[in-house]
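Just so you know, we're using my numbering here: the sequence shown kicks off at 3 and counts up by one.
By construction, the Cβ of each residue, glycine as well, lies at the ideal position given by its N, Cα and C atoms.
Only one structure is covered here, and it is reproduced in the block below.
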Amino acid sequence: MLPRLWIVTTALLFLASCILCTNPGLKARVTQKALDYGRQVGVAVLQQKLQEMHFPDLDGKVHLAVIGTIHYSVTSLHIDKLGLPQSAVKFSAGRGIQLSITNGYIGVTGNFRIKKLFIRTSGSFEVSVSGLSISQTIGMTRDSTGRPALQSVACSTSIGKVDVKFTKQKKWLYNLFRKLLEKPIRKALTSQICPKVSSEINKLENNLKTMEILFKINRFAEVDYSLVNQIEITNDAMDLDFKGQFYRVGQRQDPPFKPPPISLPSQSTRMLYLGISDFLANSAGFVYYKAGALQMNITDKMIPSQSPIRLNTKSFSIIIPQLEKLYPNMPMEMHLRATQSPVLKAATSNITVQAFGAFDVYAVLPNSTLASLFVLNIEASVSAQIHIVQMKLNGSLQLNSLKVSLEHSNVGPFSVASLELLMNLAVKFAVLPEVNEKLANGIPLPNVKKLNFINPNLEVNKNILVIATDLQYQPSV
């Protein structure tokens, strides 16, 4: 009965945790390969820091069978060599990250002084420590600000053998209490190692506290990368769920759609996998649309000089003959505005954007006022190319197709089909270059200081862009 109750209880807890989870806009998976790289970097730093340990002077007394009680003091303990040749790091499901170091060694030098009544002597000694082992569990969680956080959960250290050798005459006298001297030296070493390891972990934690989770893109939009769920750790990987959502600067209005679940590939040949939902881009489109930022004015100056068709009533009179009669030889302007949020869809090896808008077309009168000519509704399909530049997602758009329909006309009826070519040219040569220039600024990805992507690979799947990359740590000079 008890085993069945345990199974049912575990299943209910699992379902409850899934119900409470929020789908992220961006999911990151850290693999064992990343841990192995981190171990190489981290153990080298830890070895250097441990070698900088300082030890307090030691005072005490021991009773020797031959001589009786003698007083001693040990000063200037100093590590002159330290090695951590064997280390391993792995994920521990539900707990965090487990670091283990074995077969380490330490070389220590120091000075000593002995006194008993009128006997006083001093000298120096060397200590060889072998069989050093360190076990450290690092817990990973989400802090109150939505950043990842780590802490030292448990640390233990042990030393196999401590061998004290004196470097002066009268070794027979010193060797009488050599064994007794090993105990306080062992204690001094073991008491310093775990605090030093924890200190280095705290430095990593301080680095995580500086992680940017809110990036202001411009005066309209900002993107939020705070964690929406607790960090999930299995024996194979660590998953972090980031919000990955655009907001209007100073406002927190959610779009009328939710992020879909993100499924990352099962591969583990790269250090980091990022799954970016198309929700990220669509939340950006919603923000810019609501802010009224998806609009632009097109003038003749924006049309390539080699184009035989100009943005004036003379050129357009070929399609709309009455235009030249009503507004003879006048410049024109087209005001493009979005009529709803653009929709980005990621499919296998393909990203498309459906954009919906209207061209308000005007004649520019001699007094610089605008006379409304007609309004065209448009539906454009564009392809998106995505790449990574300096930890940012950059994009560019290319027109696939453009559908045009007439909403209303102030210059009489005309064939809209004949205008599609002109509208295609306007979008290709005026609209998209300006949009691509802005997209080239990029969208920052969540990152930790001093870590850079190395050889990132992008793959487009349904509803998701997957980035597989290695990492490189670049310490400050």
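- Our two residues, Gln342 and Tyr291, have alpha carbons roughly 7 Å apart in a direct line.
- Between Val199 and Cys157, the C-beta gap is smaller than 7 Å, which places the two residues in contact.
- The beta-carbon distance between Val429 and Leu401, rounded to whole angstroms, is 6 Å. This is short enough to meet the 8 Å contact definition.
- In the three-state DSSP reduction, Cys23 falls in the coil class, being neither helix nor strand.
- If you draw a 10 Å sphere on the C-beta of Phe259, you find fewer than 16 other C-beta atoms in it, and that means exposed.
- In terms of Cβ geometry, Ile215 and Gly148 form a close pair [threshold 7 Å].
- Apart from the 5 residues on each side of it in sequence, Tyr275 sits with its Cβ closer than 6 Å to the Cβ of Arg31, Leu266 and Ala470 in its chain, given in chain order.
- Take the alpha-carbon of Gly98 and the one of Arg144: they are about 12 Å apart.
- A straight line joining the alpha-carbon of Thr315 with that of Phe376 spans about 13 Å.
- Per the coordinates, the alpha-carbon of Ala46 lies some 14 Å from the alpha-carbon of Ser102.
- Take Ser78, set aside five residues on each side of it, and the residues of its chain with a beta-carbon closer than 7 Å to its own are Gly112 and Asn113, in chain order.
- By the neighbour-count definition (other C-beta atoms within 10 Å, threshold 16), Ala442 is an exposed residue.
- Beta-bridge analysis with DSSP links Gly106 to Leu134.
- The residue among Leu328, Gln50 and Asp280 with its C-alpha nearest the C-alpha of Asn352 is Asp280.
- Taken through DSSP and simplified to helix, strand or coil, Ser420 comes out as helix.
- Contact between Val225 and Ile445 holds: CB atoms are separated by about 6 Å, below the 8 Å threshold.
- Ala239 sits buried, since 16 or more C-beta atoms from the chains shown fall within 10 Å of its C-beta.
- With 16 or more other Cβ atoms inside 10 Å of its own Cβ, Ala283 counts as buried.
- As a beta-bridge residue in DSSP terms, Cys157 pairs with Gln138.
- Classified as exposed, Val391 has fewer than 16 neighbouring CB atoms from the shown chains inside 10 Å of its CB.
- For the stretch 322–382, the full-length beta strand (DSSP E) segments reaching 3 residues or more read 334–340, 345–349 and 352–366 along the chain.
- Counting C-beta pairs closer than 8 Å gives three or more between the stretch 120–137 and the stretch 158–169, which meets the contact rule.
- Rounded to whole angstroms, the gap between the alpha carbons of Pro477 and Gln247 is 30 Å.
- Taking every protein chain shown into account, the CB of Ile320 has fewer than 16 other CB atoms within 10 angstroms, so this residue is exposed.
- Rounded to the nearest angstrom, the gap between the Cα atoms of Val363 and Tyr475 is 54 Å.
- Per DSSP, the unbroken alpha helix (DSSP H) holding Pro435 starts and ends at Leu434 to Leu441.
- With a 10 Å radius around the Cβ and a threshold of 16 neighbouring Cβ atoms, Ser193 comes out exposed.
- Comparing alpha carbon positions, the residue from Ala357, Thr371 and Val406 closest to Ser383 is Ala357.
- By the neighbour-count criterion, in which 16 or more other beta carbons inside 10 Å mark a residue as buried, Ala419 falls on the exposed side.
- Scanning the stretch 266–316 for uninterrupted beta strand (DSSP E) segments of 3 residues or longer gives 274–279 and 297–300, listed from N- to C-terminal end.
- Around the beta carbon of Arg272, 16 or more other beta carbons sit within 10 angstroms, so the residue counts as buried.
- The C-beta distance from Phe431 to Ile305 rounds to 6 Å, short enough to meet the 8 Å contact threshold.
- Sorting Arg122, Lys163, Gly109 and Gln100 by C-alpha distance to the C-alpha of Ser137 places Gln100 at the top.
- Counted as a single uninterrupted DSSP element, the beta strand (DSSP E) harbouring Asp165 occupies residues Lys163 to Phe168.
- Exposure of Val251 is indicated by the presence of fewer than 16 other C-beta atoms within 10 angstroms of its C-beta.
- One thing to note: Leu473 has its Cβ no nearer than 7 Å to the Cβ of Ile278.
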